[in-house]
Structures are given as C-alpha cells and as structure tokens.
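Residue numbers (numbering that gives the first Met the number 0): 0 to 699. We treat Cβ as the ideally placed atom computed from N, Cα and C, and that holds for glycine. Have a look at the structure below, then the notes.
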Amino acid sequence: MWLFSRQGFELHKALAITTLWRRGLKRPIQQILRSAVPAILLIAIAAICYMSLAHLFGFYNDDWYLMYSGTSQGVQKFHDIFAIDRPFRGYFVGWMFNLFGVNPWLYSLGAFVMRCISALGFFWILRMVWPGEKQATFAAALLFVVYPGFLDQPNAIDYQSHQWSFALAILSIGCTLQMARSQKYWAKILWMILSIATQITYLALMEYYIGLEGLRLLLLAFLYLKQNPAEPKKWVRKTILGLLPNILVLVGFMYWRTQIFQAERLDINTMFSNVEESPILRLAWMAVYMFKDMLNAIIYSWTEPVYHYAFAARLKLLLLAFGFALVAGCLAWFALSFYKNGTSNADHSTDAKKTSREMIVIGLLAVLIALVPIHLGNRQIIFDSYSRFSLPASGGAVLVLVGTWLALGKTRITKWIIVILVSLATLSHIGNALSYAENWKIVRDFWWQVSWRVPQLKEGTVLMADYAGRGIPEDYGVWGPANLIYYPKLDPKNPTDLKVTAATLNIPDVDAAISQTTRMTDRRSIYSESNFNNLLVLSMPSESSCVHALDGENLELSDSSRSEIIAVAPYSKINQIELTGDEITPPTSIFGDEPAPGWCYYFQKADLARQSGDWQEVVRLGNFVMENDLRPYDVIEWMPFIEGFAYAMQEEQVHHLSTIIRDNLFYRYQACKLVETDSRQMAEQFPEGHQLLLQELCQP
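Structure representation (structure tokens):
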C-alpha cells in the first residue's frame with residue numbers, strides 16, 4: 000500500500016524526472032549553457048570596459064553643435080548639418096536624438112549594445128570559417144570586443160553613427176558567409192537580402208568603412224576554397240557569384256558618391272588626383288605610413304593607450320583601473336575554459352598550425368585593405384586624436400594576434416596570453432574613461448562658474464576660453480555650451496545665426512583677436528559673424544583654479560595661464576557681460592546638478608559684485624570666506640577681496656592678503672599696475688582705500 004501513498008507517488012515522480020533528465024534534457028541544457036555563458040561573460044567584460052564609468056560621461060567636441068542644433072531647432076536641422084557629406088546620417092542622428100534626447104548615458108548604452116553586437120557577429124563569422132577552432136574563435140571575439148585601439152567609445156553621441164555602421168558592416172559580412180553556407184534556395188535569397196540591406200546602410204552612415212569589404216572578400220574566398228580545394232575554377236566562379244550582389248552595391252555607391260552627390264568635405268576625385276600628381280612619391284610615403292599604421296593597429300594599440308591613459312592616472316584611480324582589469328581578466332579566463340577543441344592533441348596541433356597561417360595571412364590582408372581608404376583620405380591612426388581610424392582594421396588585427404597565439408601551441412601559459420591582453424585592454428579603456436570623465440567634470444564646472452559670474456552675455460559676444468589647458472580643438476566647444484545656457488532658443492527670423500560666437504586659441508584665431516577683425520563662418524549651415532571687438536576671454540588656468548573673466552584694462556592673469564591667453568587678454572572686454580536681468584541657470588539635463596558652493600562660487604560672486612561696484616557685497620563675501628576658512632589655489636583670486644577690504648578700510652585683512660600677493664612677483668607687478676592705473680577711478684571714491692592699496696601692493 001505504501002507504493003500508492005502520497006509519499007510513494009512523490010518518490011516515483013522524482014525518479015521519473017531524474018531519468019528523463021539523464022536521458023534527454025541534460026545534454027541540450029548543458030549545450031545551451033556552454034553556448035550562452037561565454038557570450039554572457041563576453042558582454043560582462045565589455046560592460047566593465049565601456050559602461051562601468053559611463054554615468055560620468057558628458058558632452059565632447061562635435062556633440063556640442065549637435066545638441067545645440069537639436070534643442071534649438073529640432074531634428075530637422077540635422078539634415079542641413081549632414082547634407083554636405085553624409086546626408087543619410089542626418090536621418091540617423093535625428094532618430095537617435097528623438098530616442099535618447101540629451102542624455103549621454105543612453106548614448107553610451109546604445110554604443111555599448113552595438114559594440115557587443117559587432118563582437119557577437121564577429122564570433123559568428125569566425126565560427127562559420129573555422130568551426131573546429133572553438134577556443135581560438137572565441138578568443139578572437141574577446142579581443143575584438145575589448146580592442147583598445149578605438150578610444151572614442153566614451154564620445155558616444157557623435158560616434159553613435161560609427162558604432163552602428165561598424166556593427167552593420169560585420170553583420171553584412173556574416174550574412175554573406177551564411178548565404179554561402181546555406182543549402183536551400185530561399186535561405187540564400189533571404190541572407191543575400193539581409194547582406195545587401197546592411198551593406199547599403201553601413202556605407203550610407205560611414206563611407207570610409209568601405210575597406211571592410213576586403214574582409215568580406217577574403218573570408219568568402221577562403222570559405223569557398225575550403226569547400227573546393229581541388230577545383231580552382233569552381234572556387235573562383237563561386238567567389239565571384241557570391242560577391243556579385245555586394246559588388247553591385249559597391250559600384251552603385253561609388254557612382255553615386257563620385258558622380259551624383261557633391262560632397263563639400265570629402266572629394267573622392269581629389270583623393271585620387273593627389274596620387275596622380277606625384278604617383279611614385281605619394282605611393283612611397285603611403286607605403287611607409289601604411290606599414291606604420293599596420294603596426295599601430297596590430298601591436299601598438301595594445302601598448303600605447305594603456306601607457307598613455309592608465310598609467311597617467313592618479314594612484315587611487317590607477318588602483319581602480321587595475322581592479323577592473325583583474326575582474327575582466329578573471330572573466331576572460333573563465334569564459335575561455337568553456338571551449339575545448341574536440342580533436343586529439345596531435346590532430347589539433349596540425350590543424351592549429353594550419354589555422355594559424357590562415358588567420359595571419361587573412362588578418363594582414365584585411366588590415367591592409369581596411370587602411371587604404373583612410374590613407375587615400377590623407378588620414379592616419381593617431382591614438383590621442385584619430386583613434387577612430389583603427390576600428391575598421393580591428394578585425395584583421397585580432398586575426399593576426401590570434402593566429403600568432405595559435406602558432407605558439409597548446410601550453411599552460413597560452414590561455415594566459417589572451418587573459419593578459421584582455422586585462423591590458425581593460426586598463427586602457429578604464430584609463431581612457433577616467434580621462435573623459437575628468438574632462439567632462441572640468442567643462443561642467445567651468446560653465447557652472449560662468450553662470451555664477453555672468454548673468455547674461457551681450458548678443459555678438461565672441462568668446463575665447465581655456466578649459467584648464469585641456470585644449471579646445473573647435474570653436475563650437477565654446478559657443479555650443481554658451482548658447483545652450485544664454486540663448487537656448489534661436490530667433491525665428493534668423494534661425495541659423497548664433498547669438499554668441501567663439502574662437503579657439505590656435506594661431507589664426509589669436510591673430511584675429513589681436514588685430515580685432517571681423518570674420519564670417521559657415522559651419523555645417525550654422526552661420527556666425529565674429530567681431531573680435533566684442534571679445535571676452537574666459538580662462539580656467541588649471542584644474543584647481545576658478546574661471547577668470549578677464550578685463551583687458553585691469554589684467555589679473557594667473558601665472559598658470561597659457562601663452563595664448565596672455566596674448567589675447569588685453570583685448571578682452573568685460574562689458575560684454577550684462578549686469579542686469581535675472582540670473583540664468585544652466586539646464587541640468589545637460590550640465591548636471593549645480594555644484595555645492597565652495598571657494599569658486601564666492602569668488603565669482605565677489606568678482607561680479609566688484610564689476611557692479613557693489614563693494615559692500617564684496618566685503619560681505621570676503622568676511623564669509625575668511626570665517627569659513629575658504630582659500631584659493633590660485634592666489635590672484637584674492638584680488639576682489641583685497642580691493643573690497645581696502646575700500647572698507649579693513650587694514651588688517653588687506654595687509655594679510657597683500658602679503659600673499661607680494662610673495663609672487665608676477666602677481667605683485669599686476670596688482671600694483673592695476674592700482675596705479677586706476678582705470679575704474681576708485682581713487683576719487685575711496686581715496687584712503689586707494690592709498691592703502693598703493694602702500695601694500697606697490698611699496699617695497
């Protein structure tokens with residue numbers, strides 16, 4: 000009777016489930032786990048590299064004119080912006096702006112997803128070409144997803160198009176190979192359509208990725224060669240027929256690009272005419288630079304960025320980067336452990352050597368072809384400025400590395416080579432991310448300080464700025480944030496004209512500032528008229544300094560100021576700052592929450608009060624900072640308070656602070672000249688205070 004009891008029934012049920020598990024379900028579930036877990040670990044490693052610090056990223060370089068155009072004029076403006084070189088990109092950027100708005104983290108997430116898709120697509124491709132090399136192909140996918148030569152990942156807004164184009168190119172190649180492997184006619188048609196659609200889209204987004212067609216050619220030709228090793232004619236015929244749809248797309252695209260579409264920024268005819276002018280010399284130099292960039296893409300991408308970015312960080316941040324690298328390395332080791340090649344050691348050793356040669360040859364040729372369009376455009380891989388040009392070559396570079404890795408044979412240390420490379424790449428990406436985060440913090444703090452100091456900017460103001468020596472390569476790195484704060488909505492009658500313009504600190508712009516010229520600029524359908532008679536210089540001399548709104552008639556330059564700032568400072572017009580009107584607050588959706596008040600907040604308010612002639616407010620703020628023991632890093636920032644205390648005849652405070660100024664000869668000279676010149680005619684209003692300043696700042 001026990002067999003028919005509830006306990007007996009439960010026991011039989013458990014035994015039946017166990018038997019079913021052993022007979023049928025265990026192996027499929029194990030296979031699913033073996034396939035899914037490494038992919039999940041690959042995504043986790045990518046997340047460590049690209050998303051662990053993404054919440055600290057903001058806006059960089061070209062992001063500024065894109066975000067300003069989108070917020071002030073709507074997504075339609077993107078069509079005008081990209082009409083001159085990549086018209087399809089205007090639709091894409093508009094779609095992304097509608098989707099993500101002005102949230103940098105969402106753009107980082109989108110870039111991360113596309114990076115993972117491209118890596119999984121690359122793994123898919125390699126598994127089709129080398130199905131017996133499970134561990135090697137997964138190692139290639141690992142190195143591909145963390146490839147450290149491409150350092151623009153944190154600049155996710157502007158480089159969203161690059162990420163999508165690259166992922167679509169990889170998927171297009173995968174679809175072509177899958178078409179070649181398919182047996183059914185309908186499947187071949189489907190994969191061909193997908194291959195063509197993704198190819199057209201990626202070329203429309205980023206035309207110089209056309210070099211990836213070399214990887215398609217090499218892998219498809221090699222796949223057909225493996226299928227027909229003894230029939231060269233059949234191999235060639237199949238390769239041509241397999242590539243024919245993609246060749247037709249390329250011919251159509253090149254015809255449209257060279258004969259129909261008139262690109263203002265990229266003239267393909269000019270690219271080839273440069274070669275025709277002096278073919279031997281041009282091709283010789285191209286060969287030299289090509290060899291250099293092949294080394295950059297394959298070897299130096301794993302060493303130079305980690306040295307330049309990771310080891311340049313402060314000790315605390317360096318330890319953080321090492322922590323992330325350690326975790327990524329452990330995950331890589333664990334993921335590689337899931338893959339074991341099914342052949343015997345002897346057979347696999349022979350196959351591995353053959354696969355090694357194949358990967359190295361295909362990889363080298365793929366890198367070479369990928370770099371040709373870049374070099375025809377007179378560009379090279381430079382990691383701190385043009386790292387994006389390494390991305391098309393990354394697939395071939397990884398194949399060369401993994402092919403070399405296979406040639407070393409199966410030993411105890413070979414797996415650790417991949418782990419070390421993944422760890423080095425993670426160090427590079429974390430160090431690079433920390434650099435981007437620090438740059439954004441400086442820019443964000445800069446504009447919050449400007450908002451404290453500048454209630455409003457007059458229309459027509461020309462700004463020249465220095466972000467703590469970080470460099471501003473284009474003028475929109477200044478006028479973008481300035482207009483987002485002070486003139487977020489354009490005049491409907493003149494929707495393309497900027498209210499506030501800017502200039503960089505390069506030599507032509509410095510010359511224009513000194514000569515006080517007027518200049519018209521058309522930057523991607525955004526027009527600006529820069530009259531340098533309306534110049535205002537905003538300088539943040541160092542990361543620890545405050546922003547200094549410079550008055551050309553009363554110079555208070557930091558001894559950390561760049562030489563270009565010193566050159567243009569005498570031409571800075573402080574009256575470009577309007578003192579009336581409500582205080583403007585930067586949009587928190589872009590610039591984040593307002594920083595907590597510190598020294599720089601009170602300095603900016605005191606400097607503003609000094610410009611307004613409100614010396615009582617200067618004294619009040621001065622007493623507050625003294626009582627709360629707030630001190631500047633850059634002691635020239637004591638000057639508003641020294642003046643305020645002098646005019647209030649607080650002699651003890653004046654003497655104490657003047658002693659600090661006199662310790663620096665450069666500051667002493669400026670302070671004395673400021674008092675002696677007396678351009679604000681303070682001697683008439685405060686004769687005793689003015690005499691006190693002369694005594695403290697000018698007498699030995």
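- Membership of residue 521 in the beta strand (DSSP E) is indicated by the continuous run 517-522.
- The alpha-carbon of residue 127 is positioned some 15 Å away from that of residue 187.
- Going by beta carbons, residue 692 and residue 674 fall inside the 7 Å limit.
- Residue state for residue 577 is assigned as strand, using DSSP reduced to three classes.
- Taken in chain order, the complete beta strand (DSSP E) segments of 3 or more residues contained in the region 499-575 are 500-502, 517-522, 525-530, 534-539.
- Short of 7 Å from the beta carbon of residue 466, and not among the five residues preceding or following it, lie these beta carbons of its own chain, in chain order: 441, 442, 445, 539.
- Secondary structure at residue 461: strand, using DSSP grouped into helix, strand and coil.
- DSSP places residue 332 inside the alpha helix (DSSP H), whose first and last residues are 314-335.
- Counting C-beta atoms within 10 angstroms of its own C-beta, residue 258 has fewer than 16 neighbours from the protein chains shown and is therefore classed as exposed.
- In the three-state scheme derived from DSSP, where H, G and I count as helix and E and B as strand, residue 201 is classed as helix.
- In this structure residue 184 is exposed. Its beta-carbon is surrounded by fewer than 16 other beta-carbon atoms within 10 angstroms.
- The Cβ neighbour count for residue 656, taken over all protein chains shown within 10 Å, is at least 16; the residue is labelled buried.
- Here the C-alpha atom of residue 562 lies approximately 16 Å from the C-alpha atom of residue 511.
- When C-alpha distances from residue 588 are compared across 647, 105, 571, 61, the shortest belongs to 105.
- Per DSSP, residue 633 has no beta-bridge partner at all.
- Residue 458 and residue 518 have their C-alpha atoms spaced approximately 16 Å apart.
- Taking the CA atoms as reference points, residue 388 sits about 20 Å from residue 425.
- Within the same chain, no Cβ atom closer than 7 Å to the Cβ of residue 521 is found once the five residues on either side in sequence are excluded.
- In the structure shown, residue 456 falls within a strand segment according to DSSP collapsed to helix, strand and coil.
- Taken through DSSP and simplified to helix, strand or coil, residue 83 comes out as coil.
- Within the region 103-165, the complete alpha helix (DSSP H) segments at least 4 residues long are 103-128, 133-144, listed from N- to C-terminus.
- The alpha-carbon separation between residue 468 and residue 35 amounts to approximately 47 Å.
- Secondary structure of residue 62 (DSSP, three-state): helix.
- Membership of residue 285 in the alpha helix (DSSP H) is indicated by the continuous run 278-297.
- When the five nearest sequence neighbours on each side are left out, the beta carbons in the same chain lying within less than 6 Å of the beta carbon of residue 61 are those of 157, in order along the chain.
- Here residue 133 is buried: its Cβ has 16 or more other Cβ atoms, across all protein chains shown, within 10 Å.
- Exclusion of the five residues before and after residue 423 leaves 147, 301, 302, 305, 324 as the residues of its chain whose Cβ lies within less than 8 Å of its Cβ.
- Judged by DSSP in its simplified three-state form, residue 592 adopts coil rather than helix or strand.
- Taking one beta carbon from each stretch, the region 189-209 and the region 68-75 have fewer than 3 pairs nearer than 8 Å; the two do not touch.
- For the pair residue 308 and residue 285, the Cα-to-Cα distance works out to about 29 Å.
- At a Cβ-Cβ threshold of 7 Å, residue 103 and residue 334 do not count as neighbours.
- According to DSSP, residue 466 shares a beta bridge with 539.
- Residue 209 is not a Cβ neighbour of residue 320, given a cutoff of 7 Å.
- The secondary-structure analysis by DSSP pairs residue 601 with nothing; it has no beta-bridge partner.
- Counting of Cβ neighbours within 10 angstroms places residue 407 among the exposed residues, the total staying below 16.
- Residue 380 carries a coil assignment under DSSP once its states are collapsed to helix, strand and coil.
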